[in-house]
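Visitor: In this note's numbering, the protein residues as written are 4 to 222. Ideal placement from N, C-alpha and C gives every residue a C-beta, glycine not left out. Bear in mind that the values here come from a model prediction, so they are computed numbers and not experimental data.
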Amino acid sequence: MNASAWSAWLHNLSLWLCLLSGGVGALWALSEIIGEFRTETPRALCTWGAWMLILVNFLAAAVIFLLVIQLAPDAKSWPIALLVGLSWPTVFRNLSLKFMQPLDEAKDREAPAIRLEQIYSNIQKLALQLINSRLTRQRMRLLARATRFELDDLEKYARQMSAISPQQIDPNFIDQLMKRDDMDTDYKKALLVALVMNTFTRDALDDFLRENKNKELRS
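1. Taking contact to mean at least 3 C-beta pairs separated by less than 8 Å, is the stretch 191-203 in contact with the stretch 141-152?
2. Comparing alpha-carbon positions, which option in E153, A166, D209 and R205 lies nearest K191?
3. Along the alpha helix (DSSP H) that carries V27, what are the first and last residues, could you check?
4. For R213, name the three-state secondary structure that DSSP assigns.
5. What three-state label does DSSP hand L220 in the structure shown?
6. In terms of residues, what are the limits of the alpha helix (DSSP H) holding W91?
7. Is the CB-CB distance between I161 and I172 below 7 Å?
8. Could you give the DSSP three-state label for T202: helix, strand or coil?
9. Skipping 5 residues on each side, what residues in its chain have a beta carbon closer than 6 Å to that of P174?
Here is the structure:
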C-alpha cells in the first residue's frame, strides 16, 4: 500500500468512527469478563474465549454503526458512534427480528424469527466456558502442588492472610472448616487453597508455595 493510500485511510472519518463505536462495544465485553472473573481477569484475558467475546462485541458495534450511517449519512459523527457503542448491549442484543406476526397470540411464540439475544447468549456462554475451563486447569495444577503441604501450614497461612488483609475477612469459615469431621484432609486443603486464591488472588498462593518449598511433602 503506497503513501497516498495510507493517507486516505488515516483521513477516513468513517473508519475512525467505526473504531470508536467498536471500541466502546469491546469495553462492554471487558466489563462482562471483569464481572465474572474479577481477580482472575488478567489471566482470563490471555484466553481465546475472552478475545472471541471482545471481538464479537467490537465487530457488532462497528457493523451496526456502518449500517446507521448508510441509512442516515448525517449520523456520521462521534456522538452517534459513541451512542451506538453504548446502546449495543442494551438495545440491539435484545432484539428479535420476526419474519411474520401471526394474528393469533398463541402462535406468536412459534413464528420464525432471528433472536439476536439468543445468538449472543450462546456466544457468551461458549466464551465464558472456554475461559473458565482454561483457568480451572491452571488452578488445579496449583492445587495439586498445594496439597503436598501439611494442612496446618495451609491453615496458618490462610489465617495470617485473613488477619492482615486491609479488608475485613470473617475467620469463621476457617474455624468451622477445621472443626468438621466429615471431610478428609485433602478436601480441607482444597477449600483453604480456594479461599486464598479467591480472596487474595493466585499470586498469594504462589507466595506460599515459594516461601514454604522446603516443607513440601514428597510423594
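Guide: Inspection of the coordinates gives the following:
1. yes
2. E153
3. Unbroken alpha helix (DSSP H) run through V27: L16 to F40.
4. Here R213 sits in helix by DSSP.
5. Of the three classes helix, strand and coil, the one that applies to L220 here is coil, per DSSP.
6. Neither: W91 is in no alpha helix (DSSP H) and is coded neither H nor E.
7. Sequence check: residue 161 is Ala here, not Ile. Cβ distance not < 7 Å, so A161 and I172 don't count as in contact.
8. helix
9. S165
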